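Chains as they are written, first to last, in the numbering used here: chain A, 14 to 340; chain B, 11 to 365; chain C, 177 to 565. Even glycine gets a Cβ: it sits at the ideal position worked out from N, Cα and C. Everything numeric in this text was worked out from a predicted model, so none of it was measured.
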Amino acid sequence: MLSVKDLKVYFQVDGGFSRAVDGVSFEIQDGETVCLVGESGCGKSVSALTIMGILPQPPGKIIGGTIFFKGQDLLLMKEEEMQKVRGNHIAMVFQEPMTSLNPVFTIGDQIEEAIRIHERIDEAEMRKRSIQALKDVGMPSPEQRINDYPHQLSGGQRQRVMIAMALACNPDLVIADEPTTALDVTVQAQILNLFKDLQQKRRMSLLYITHDLGVVAKIADQIYVMYAGIILEKGAARDIFYNPCHPYTRALLASLPSRSKRGSKLYSIPGSVPDPAHTPKGCPFHPRCSFALESCTSQFPGMSDWGNGHFSRCPVIYDKEAGKGGN
Amino acid sequence: MGILADVRLFMIKKPEKVEIENCTMISTSPLSNQDILRVEGLKKYFPVRRGFFQNVIGWIKAVDGVELSIGRHKTLGLVGESGCGKSTIGQLILKLIDPDGGRIMYRDKEITRLSQGEIKPLRKEMQIIFQDPFGSLNPRMTVGQSIDEGLRVLHMKGHNERSERVEELMQMVGISPGAADRYPHEFSGGQRQRIGIARALSVEPSLIICDEPVSALDVSIRSQIINLLKELQDSLGLSYLFISHDLTVVGYISDSIAVMYLGQIMEYGPAGVLYDNPLHPYTVALLSAIPEPDPDDRRELKALKGEVPSPFNPPPGCKFQGRCPFVEKRCREEDVAFYQVGDGHAVRCWKVAGG
Amino acid sequence: MENNKSNIDMELETPVVGQVKSRKRELLRLLKENKLAFIGLIIFVIFFITALLGLLLTSGKEPVFDPSMVRLQEKLLPPLASPHLESLRPHEVPKTGVYVFGTDDLGRDVFARMLQGAWVSLTVGFVAVGIAVLVGLFMGGIAGYFGQKYIGLDHIIVVLLFSTGATLSLTGKSFTGFIVIVIDLAFVFSLALIRWKSRKSRYFKWLDLLRKKTLSIDTLIMRVVDIMLCFPSFFLILTVVALLPASIYNIMIVIGLTSWMGTTRFVRAEFLSLREQDFVTAARALGVNDYRIIFRHMIPNAIAPVLVSATIGIATAILTEAGLSFLGFGVPPPNATWGNILSDGKRFIFDAPWLTFIPGFAILLVVLSFNLFGEGLRDIMNPKLRERH
Chain A
14 MLSVKDLKVY FQVDGGFSRA VDGVSFEIQD GETVCLVGES GCGKSVSALT
64 IMGILPQPPG KIIGGTIFFK GQDLLLMKEE EMQKVRGNHI AMVFQEPMTS
114 LNPVFTIGDQ IEEAIRIHER IDEAEMRKRS IQALKDVGMP SPEQRINDYP
164 HQLSGGQRQR VMIAMALACN PDLVIADEPT TALDVTVQAQ ILNLFKDLQQ
214 KRRMSLLYIT HDLGVVAKIA DQIYVMYAGI ILEKGAARDI FYNPCHPYTR
264 ALLASLPSRS KRGSKLYSIP GSVPDPAHTP KGCPFHPRCS FALESCTSQF
314 PGMSDWGNGH FSRCPVIYDK EAGKGGN
Chain B
11 MGILADVRLF MIKKPEKVEI ENCTMISTSP LSNQDILRVE GLKKYFPVRR
61 GFFQNVIGWI KAVDGVELSI GRHKTLGLVG ESGCGKSTIG QLILKLIDPD
111 GGRIMYRDKE ITRLSQGEIK PLRKEMQIIF QDPFGSLNPR MTVGQSIDEG
161 LRVLHMKGHN ERSERVEELM QMVGISPGAA DRYPHEFSGG QRQRIGIARA
211 LSVEPSLIIC DEPVSALDVS IRSQIINLLK ELQDSLGLSY LFISHDLTVV
261 GYISDSIAVM YLGQIMEYGP AGVLYDNPLH PYTVALLSAI PEPDPDDRRE
311 LKALKGEVPS PFNPPPGCKF QGRCPFVEKR CREEDVAFYQ VGDGHAVRCW
361 KVAGG
Chain C
177 MENNKSNIDM ELETPVVGQV KSRKRELLRL LKENKLAFIG LIIFVIFFIT
227 ALLGLLLTSG KEPVFDPSMV RLQEKLLPPL ASPHLESLRP HEVPKTGVYV
277 FGTDDLGRDV FARMLQGAWV SLTVGFVAVG IAVLVGLFMG GIAGYFGQKY
327 IGLDHIIVVL LFSTGATLSL TGKSFTGFIV IVIDLAFVFS LALIRWKSRK
377 SRYFKWLDLL RKKTLSIDTL IMRVVDIMLC FPSFFLILTV VALLPASIYN
427 IMIVIGLTSW MGTTRFVRAE FLSLREQDFV TAARALGVND YRIIFRHMIP
477 NAIAPVLVSA TIGIATAILT EAGLSFLGFG VPPPNATWGN ILSDGKRFIF
527 DAPWLTFIPG FAILLVVLSF NLFGEGLRDI MNPKLRERH
């Protein structure tokens, strides 16, 4: 349904470019949940903003690539056409439930506005629709809540309102950018369950962006691991977790603390996440990689195929293990 | 209800019925003389004021009767959701704010009522590490000056020795000592967190309050910092109060764990016991809400209904009554005592303790 | 240990996240990019040098340019007019050879007077704003840092009465002042009485109420700020200046003491947010005292917006001084200021327009340059606004 090809988004910084997204391709099928996983500054949020067409330009600049949504290239669309796509077909849920609602309007007003932009219906009908939308996202007593202002709601309830707004026009694709990062664990569980429920009921596709591998394991069908603006590994959730084929993915999984690892030292990836304005030459992960060879410092690694749609961008591991491990 | 359907709650062995007034759990613990810090019945209420004359119209009971003890060279994990008062406890222990009730004992010396002048010698015993690596360093001071500050203020050592010590500290936390005259904005988040740790270590403390030290860090940096904290604990013999909302991190690093909800400890026990045999419905709910990094485990996460209520003028009775799936009339009427249910394992729920 | 070693090496190799440039150089570069602010800065520097030169060249026993030299036969000459050498004694001939800005109705060299006026404007601007910033930092700092301490209304009344009494006695109204202080003492006495006697005494009930009502220091200071802001400041200054003997120092002090409120608000807001920052908490946990926290941790981080508003404040102060001098309340003659050159010149606006045009243009240019520079600084300091340029 959505297919992003070789997307490149650079940011203008002092005296140069910062390669926020540097040739990213991914696909989302109908009714599928795709997770973009990566650390801060890896370009996952920028990709989402670009798909929505709300990337601030400048400083951002789309250098190249295509984003095909139902056969149309979103990057070539005019602003008015894009407006129709946003909300109607693609909707977005943001990380910060505190700031993504307008504090001076009731939540009813805000949901109704989301509907009004795309459909012409009368007030009473609109009211019914918004109450139904709140009911759908599991908001307690929606009839009263609809007249509340955002500050009267808790963080989790605000995030539910955000989801209700995103779903108000039955979009085909919802992009969720770290929607549970700012929430408590118990509330995060509520929201994750809500996403899964809604997806089953509505057969919508979900592009879920997060850094939390636990959350990814819970909801993802397909996983794309991003690092420094490129995709290092992609594949089905089970392949990524049980048979990671890139040193970065392996290191990430190994560095997760858990109670069973008590007493032993955690694996840790040395160094820091690279600044997108100064990504290393060759494989961007090579300065932190324990498998790195001389060739990694100069050659940009290609994707190697491990079968079943499982690809990874590490020729070193592929050469070593593909014979026995690659299924 | 569906929630907590398979809770072991009613299948547990009936524990010995030891009800202790005001919780003497800590002092009865055989390890009590090993404790570096003990907190008993700690309370902190913040007034809520309104109007021109700022009349007090109510209280936020941020910390409402908390008992804790931290063993020497041990880590106590303090877990809870946002707004449960866990950071306030850190500030109370450091005496950055004054408690409204209860006692804080440091190495068998009561420090609850000490004035700011009297506490000064104890400042080098207890230090703090923060969550936000961007706000925890003064942007107008070089990192060397930041690390040096504690030494200077407590009049430790001469000028040359101090700069040697700063270099040593930077080496200790894995930052090149040559970077001492750089400013914080030149460092990445993980590096800043290391510098914050070096600053805390500068005065050679015995106890460090770690207030969500890894929550703001990237996954790949998080394990570096956790390892560093562990290494430092082993080599310097530190004790930690590890405050976090992340149960996986706490479960990895802590020796014992206290679960906090709305200003009270709901359950306390050794890490292994608490994870394998959680008793309090809140602990059970917290543990089952963690998404495990295992795609085959697609069971629905067991979510508690509702969210943490405001600590402003809470109702009487159990603090957890509003979200507890097993709530009864008694829970809404009586304050719940802390029941000892096993070796160093205590729980604030009369139902599971069989009280 | 092995892993640890390699960690250190990593940090050595990649010590920073790219931004290796020093803060100052970065600021300079941003300033250069912001054209208007840079022009403002250049005009400001030229003005500064002119004022300093002006002080050197127009003061002393035999100044190079004498602003008060009267040459009646040379009056109202246009700019760049040559002096009539035959009718002047040698030392009366201007050193530049021509009257660069012409002469006024007494034949005084306007160029020399402008030079002298530049110095007056500069000192008034800087000293007045200096006073305002100091008072503002002090009041705002107290409101922001110690603001959550509460004091009883009775204490406030005692202090207010006492200071009113003391001021009255010192300014010559000693009898009224004495009476006020006596009332104050009586008040203190009755307060002590109710504390000593029963609290529920009917007669002292209202006094007891005063004792129980408390105000935070923050509320107190900020309400004073609000009250000060209620007065139209120019008329407040006019009133005060009319009561005081005319002198350049009084003007500086009065302007300074009526323009600290903005700074107070700024500093208070900054302090309130800085207080909650982790590095301040860390410093307190290390046992750093309040004095050092304020001067080492808070003020360096709060000073940037204060400096920005001070830059714009200098322009306002210069303008206020010019206004006062124009109205005849300002710096007393024979000292020249741009305001009184303008004021003198307005009688000859059709015969000698340069007498109004030159000082007017100078004021415009300097005030504009300060405003541009100040706003540019604000944009540079605030990264969110940077994208506009």
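Judging by CA-CA distance, which residue of B/Val163, B/Asp306 and B/Phe144 is the nearest neighbour of B/His195?
B/Phe144
Give me whichever residues DSSP pairs with A/Tyr240 in a beta bridge.
A/Ile243
Taking beta-carbon pairs under 7 Å, can you tell me which members of the stretch 118 to 152 of chain B lie near chain C?
Lys130, Arg133, Gln137, Ile138, Phe140, Asp142, Gly145, Ser146, Leu147, Asn148, Pro149 and Arg150
Buried or exposed: B/Arg202, going by 16 or more other Cβ atoms within 10 Å of its Cβ?
buried
Within the 9 Å Cβ cut-off, does B/Gly95 reach chain C?
no
Closer than 7 Å between beta carbons: that is the criterion. Which residues of the stretch 59 to 89 of chain B meet it against chain C?
Phe63 and Gln64
Is it the case that the stretch 251 to 260 of chain A contacts the stretch 322 to 337 of chain A, given that we only count it when at least three CB pairs across the two stretches are under 8 Å?
yes
Using the rule of at least 16 other Cβ atoms within 10 Å of the residue's Cβ for burial, across every protein chain shown, is B/Thr38 buried or exposed?
Only weak support is given to the placement of B/Thr38: the predicted model assigns it a pLDDT of 38, under 50, and the value that follows is read from those uncertain coordinates. Burial call: exposed.
Residue range of the beta strand (DSSP E) that B/Asn65 falls in?
Asn65 to Gly81
What are the start and end residues of the beta strand (DSSP E) that includes C/Glu497?
Here C/Glu497 belongs to no beta strand (DSSP E); instead the alpha helix (DSSP H) covers Ile475 to Phe502.
Where does A/Met178 sit, in a helix, a strand or coil, going by DSSP?
helix
Rounded to the nearest angstrom, how far is the Cβ of C/Ile403 from that of C/Val417, given a contact under 8 Å?
Contact flag wrong, Cβ pair sits at about 20 Å.
Quick one: Cα of C/Thr440 to Cα of A/Gly73, how far?
39 Å
Span of the beta strand (DSSP E) around B/Leu217:
Leu217 to Asp221
Under 9 Å by beta carbon: chain A residues contacting B/His255
Asp197 and Val198
Pairwise C-alpha distance: B/Arg150 and A/Glu45
49 Å
Would you verify that the beta carbon of C/Gly323 is, or is not, closer than 9 Å to some beta carbon of chain B?
no
Using a beta-carbon distance below 9 Å, is A/Glu52 in contact with chain B?
yes
If you draw a straight line from the alpha carbon of A/Pro289 to that of A/Glu52, how long is it in whole angstroms?
12 Å
Considering just the uninterrupted stretch of the beta strand (DSSP E) at B/Val89, what are its terminal residues?
Thr85 to Val89
At least one CB of chain A closer than 9 Å to the CB of B/Ser245: is that the case?
no
Could you give the distance in angstroms between the alpha-carbon of B/Asn148 and the alpha-carbon of A/Val286?
23 Å
So the beta strand (DSSP E) B/Ala356 belongs to, where does it begin and stop?
His355 to Val357
Over the uninterrupted alpha helix (DSSP H) stretch that includes B/Pro319, give me the two end residues.
Taken as a continuous stretch (DSSP letters only), B/Pro319 belongs to no alpha helix (DSSP H), as it is neither H nor E.
Whole alpha helix (DSSP H) runs in the stretch 388 to 460 of chain C with 4 or more residues, listed along the chain?
393 to 406, 409 to 419, 424 to 433 and 437 to 451
What number of angstroms, rounded off, separates the C-alpha of C/Ser350 from the C-alpha of C/Leu344?
6 Å
Helix, strand or coil at C/Ala368 [DSSP, three-state]
helix
Check this for me: beta carbons of B/Phe348 and B/Tyr250, under 9 Å apart or not?
no
Have a look at A/Met14 and A/Ile103 and give me their C-alpha separation to the nearest angstrom.
11 Å
Using a Cβ-Cβ cutoff of less than 6 Å, which residues in the same chain neighbour C/Leu500 once the five nearest sequence positions on both sides are dropped?
Gly506
Would you please verify whether the beta carbon of A/Ser225 is less than 9 Å from any beta carbon of chain B?
Going by the sequence as given, residue 225 of chain A is Asp instead of Ser. Output row for A/Asp225: interface = yes.
Hey, is C/Phe455's beta-carbon within less than 9 Å of any beta-carbon in chain B?
yes
Rounded to the nearest angstrom, how far is the Cβ of B/Ile219 from that of B/Ile253, given a contact under 8 Å?
7 Å
Is the beta carbon of C/Arg451 sitting closer than 9 Å to the one on C/Gly312?
no
Which chain A residues sit within Cβ distance under 7 Å of B/Tyr285?
Arg272
By the three-class DSSP mapping on this structure, what secondary structure does A/Ser281 have?
coil
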